[in-house]
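Take 25 as the starting number for the sequence shown in the working numbering and just add one per residue.
Note that CB positions come from ideal geometry on N, CA and C, so glycine has one too.
Since this is a predicted model, take the numbers as computed values, not measurements.
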Amino acid sequence: MKLLSKTNRYYLSSVALLMTIGGIILFFMISGIIRNQIQKVLSYEVEEFTEKIEQGDYGSYLLNPIEFELDSIQKSIKPDEISDTLITSSEDERIPYLQLTTYKKINSKIYKLTLRESLIQSKDILLGIASSMTLLFILLLIGLLLINNALSKRLWKPFYAILNQLKEFQIRTPAQLTPVTTDVQEFTELNQAIFTMTERIRNDYEGLKEFTENASHEFQTPLAIIKSNIDWLLQQVSDKEQILSLERIESSINRMSKTNKALLLLAKIENRNFNQYENASLESLVLETLESYEDFIQAKGLLIKKQLFNNQKNNRPVNKSLLQILTNNLISNAIKHNILKGYIHIYLDENKLIIKNSGHKLTVDPHKLFDRFAKDNPSSESSGLGLAMVKQICEILHYDIKYQCQENEHIITISFNL
């Protein structure tokens, strides 16, 4: 949910609650005022009625027995009583009245005077006021919502400008963020903080990138020297145990050298250091890779089945080196982790590349093999970086990759998303 929507929700909920409470309070206040006014009218009519009784001219009042009653009583005077009552009209309609009962001593006699005033008009007035207030509150809420939306969009405009620049920020490009002009102090501070942070990140990235490349290159020279010396020692030593020890050292050196080269290549892939683009045919690269591994395929007695359709739609400008690394890693993995007299099936069309191969059943989740140094067999000579490279290349080329293992069959599917 967007910040503006969430703010509006809380704001409108609070305003609606306050208006509802205020409306209820106002309704009862108006109701009390009307009731108090009716009581004053009744008190005035009592005084007027009393004067008419003293003068003996009250017959006209008694013509309306619903609103005026007069009883001569022998009891003592009691306090006035105000009450609500319902009286059935001639149309069998129950009408609410406010009733005032008072006791007066007039001409040495005690009278009980009962006066009533209809509440129908006051009820209609209250309903009209309530309807008007409800309509007013709804219009007020709509108006507040529109005003709040307009003000919030204007107020948050610098923030969204900063956010859009952050979304487009690329650590590998030299383009800097454009400062956003605003008179809001918090947004100015945010803009400055983000500008400083992105520059620091870019500088740290460049430093780390340079260090990684230099370190990887520097490792190659001593490793090559060590390897050449081991080769020389192998020619000079005749003791079997010493030869085995030297071969183990040589194997470790070779593995270290391969891992170092793989890490350097992976760093180049992640850093997008492949900027040359050309039309490349994945079909041709698959065939070239199979041809280069022909000796290994024959040594394992693998059966190769190819279904390569002309995928002209996929002949788009890409970096050929990336596709070579992709096909090389996938096919070499299919050969390396295969079984004797196994098979490799390769299917390629304009939408996807599927490589199936026989092999041993996996003991780990296939998706974890895309992580760096992930292996199904920890004792394997593999660097564990091949599929990590493949995953990175797929992300760069906007391909989807999926690894499945069905018993002893391994399936890698790459969808081109054209």
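Check                                                                                                                           : Outcome
Cβ-based burial, T112 [other Cβ within 10 Å; buried from 16]                                                                    : exposed
Rounded separation between M53 and F73 - CA only                                                                                : 30 Å
Endpoints, the alpha helix (DSSP H) within which L170 is located                                                                : 144-192
Whole-Å CB distance - K329 paired with H369, under 8 Å assumed                                                                  : 5 Å
Whole-number beta carbon distance between M413 and I359, since they are thought to touch under 8 Å                              : In fact, because the Cβ distance is near 17 Å, the residues do not count as touching under 8 Å.
Check whether Y135 and K129 have beta carbons under 9 Å apart                                                                   : yes
Contact the region 149-165 vs the region 30-50: 3+ CB pairs below 8 Å                                                           : yes
Whether A185 touches V204 by CB criterion (9 Å)                                                                                 : yes
Which residues DSSP lists as bridging V372, in chain order                                                                      : Just to set this straight, residue 372 is Leu in the shown sequence, not Val. L332, L377.
Buried versus exposed, by CB contacts within 10 Å (16 or more), H434                                                            : buried
Distance CB(I166)-CB(I195) smaller than 9 Å                                                                                     : no
Sufficient close CB pairs (3 or more, under 8 Å) joining the region 303-315 to the region 260-278                               : no
L327 versus N227 - alpha carbon distance                                                                                        : 51 Å
Contact belief for K376 with F440 at Cβ below 8 Å, rounded distance in angstroms                                                : 6 Å
Euclidean distance between Cα positions of C429 and Q260                                                                        : 48 Å
Alpha-carbon spacing of K133 relative to K76, whole angstroms                                                                   : 14 Å
Proximity below 9 Å, CB of T437 to CB of I378                                                                                   : yes
N- and C-terminal bounds of the beta strand (DSSP E) containing L125                                                            : Here residue 125 is Thr; the residue named in the question, Leu, does not match the sequence. Counting along the chain, the beta strand (DSSP E) containing T125 begins and ends at 118-130.
Same chain only: Cβ atoms within 7 Å of E78, ignoring 5 sequence neighbours per side                                            : I130, N131
Span separating the alpha-carbon of E223 from that of P182                                                                      : 20 Å
Best match in I119, Y127, E117 for proximity to P103 [C-alpha to C-alpha]                                                       : Y127
Residue burial classification, N253 (beta-carbon count within 10 angstroms, cutoff 16)                                          : exposed
Distance, K344 Cα to T351 Cα                                                                                                    : 11 Å
Contacts around E274, its chain only, beta-carbon distance under 8 Å, and the 5 residues preceding and following it disregarded : K251, I254, D255, L258
Residue interval of the beta strand (DSSP E) (run including Q430)                                                               : 424-430
In DSSP terms, what K30 is bridged to                                                                                           : Paired residues: none, contrary to the question.
C-alpha distance - G408 paired with F235, whole-angstrom precision                                                              : 22 Å
Nearest candidate by alpha-carbon position, reference N32, set F51, L143, L168                                                  : L168
Of the residues R140, E230, W180, the one placed nearest T197, counting alpha carbons only                                      : E230
D108, enclosing beta strand (DSSP E) - first and last residue                                                                   : 105-112
Residues of its chain near K392, where Cβ-Cβ distance is below 8 Å and the 5 sequence neighbours each way are ignored           : A398
Where Y367 falls: helix, strand or coil (DSSP)                                                                                  : strand
Close-in-space but distant-in-sequence residues of the same chain around T202 (CB under 6 Å, 5 per side omitted)                : none
Element boundaries [beta strand (DSSP E), containing T437]                                                                      : 433-439
Paired residues, beta bridge with V208 - DSSP                                                                                   : None; V208 has no bridge partner.
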